[in-house]
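In terms of our numbering, the sequence shown is residues 498 to 732.
See structure below.
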Amino acid sequence: MKCNLARLFVLTFGVLSLGGSATTHAAPTVYFERDDNSGFMTSYPNSQGLFDSFTASLSSFGVAPIDDAVGVDPALAFAGSGITATATGVLAQAAPGFQIGTQALLEIEAAGGGDADTVFTFDQYITAFGLYVIQGGDGANDNLTTFRLTNTAANSSVDVPVQIGPNWGQSNVFFLGLTDTDAFNQVQIIETLESDGMLYDNIVAGFAVPEPASLALAALCGIGLAARAAGRRRR
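In structure tokens form, the structure reads like this:
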């Protein structure tokens, strides 16, 4: 049967247009688990379990342990992924009882460096981000925190609010994972209580598995291109 390229184009364009008009940008998917008492980072099964399941759900990813990071605003490398980033507003240092390996990222305010948001700026666009947050919201610290995912080229961003504290344990830790259908290359952590003195470890960057609708649209585009190429060969 002869392929009707015009009809195929109309069908493909119609599905794409329908999808575009019927859908809006979905909110990022949030993954969160907390251990209120990690025994100063000797046992944190809830957070670690989520880290394992979150990373297993991604199509590809890398983890940046902080053990090799150096000084203020360190560069980070995400092992096995080729992704790199610069972290600003933090200091890489040994923090016994508040780290996973030999170091963690300490907020610069806690090191006497003045108020500054923590910002991770990546060398490429990603759709998945995660990290361990240690000793946030302990005691009276009531720290509603916004994780802002930004596409710097498009000058667009989406905010994810996370309530941290109050009255969490002194050695609490949580793992937060975020995925978004829109790619981003920057994550900014905006606290309402800069004096909370949180630490960050084992940062995750990578790519979420595309949603079924995205795969279907990609398949339709592929079919259209294949049919067009076949039509050219018949001429």
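Yeah, the Cβ is synthetic: ideal placement off N, Cα and C, and Gly gets one too.
DSSP on residue i, reduced to helix/strand/coil?
i    : result
A592 : coil
E691 : helix
G559 : strand
A553 : helix
G546 : helix
G568 : strand
G577 : coil
E530 : strand
T678 : strand
Here's the rule I'm using: 16 or more other beta-carbon atoms within 10 Å means buried, otherwise exposed. How should residue i be labelled?
i    : result
P525 : buried
S544 : buried
S692 : exposed
E708 : exposed
A592 : buried
S653 : exposed
V616 : buried
A625 : buried
P542 : exposed
A553 : exposed
D698 : buried
T649 : exposed
D656 : exposed
T539 : exposed
A523 : exposed
Check for me: the alpha helix (DSSP H) holding residue i runs from which residue to which?
i    : result
S535 : Run containing S535: none; DSSP gives neither H nor E here.
One question on the structure: do residue i and residue j come within less than 8 Å of each other, judged by their Cβ atoms?
i    : j    : result
D549 : N669 : no
S556 : A705 : yes
T618 : A566 : no
L547 : F672 : yes
A584 : G694 : no
V560 : V701 : yes
P663 : D639 : yes
Identify the continuous beta strand (DSSP E) that holds residue i and give its terminal residues.
i    : result
T585 : I580 to T585
T699 : It should be noted that the sequence gives Asn, not Thr, for residue 699. Per DSSP, N699 belongs to the beta strand (DSSP E) from L696 to A705.
Next item on the list: Scan the stretch 588-666 and note each continuous beta strand (DSSP E) run of 3 residues or more that stays entirely inside, going in chain order.
Entry: Qualifying beta strand (DSSP E) stretches, in chain order: 601-604, 615-631, 640-648 and 653-661.
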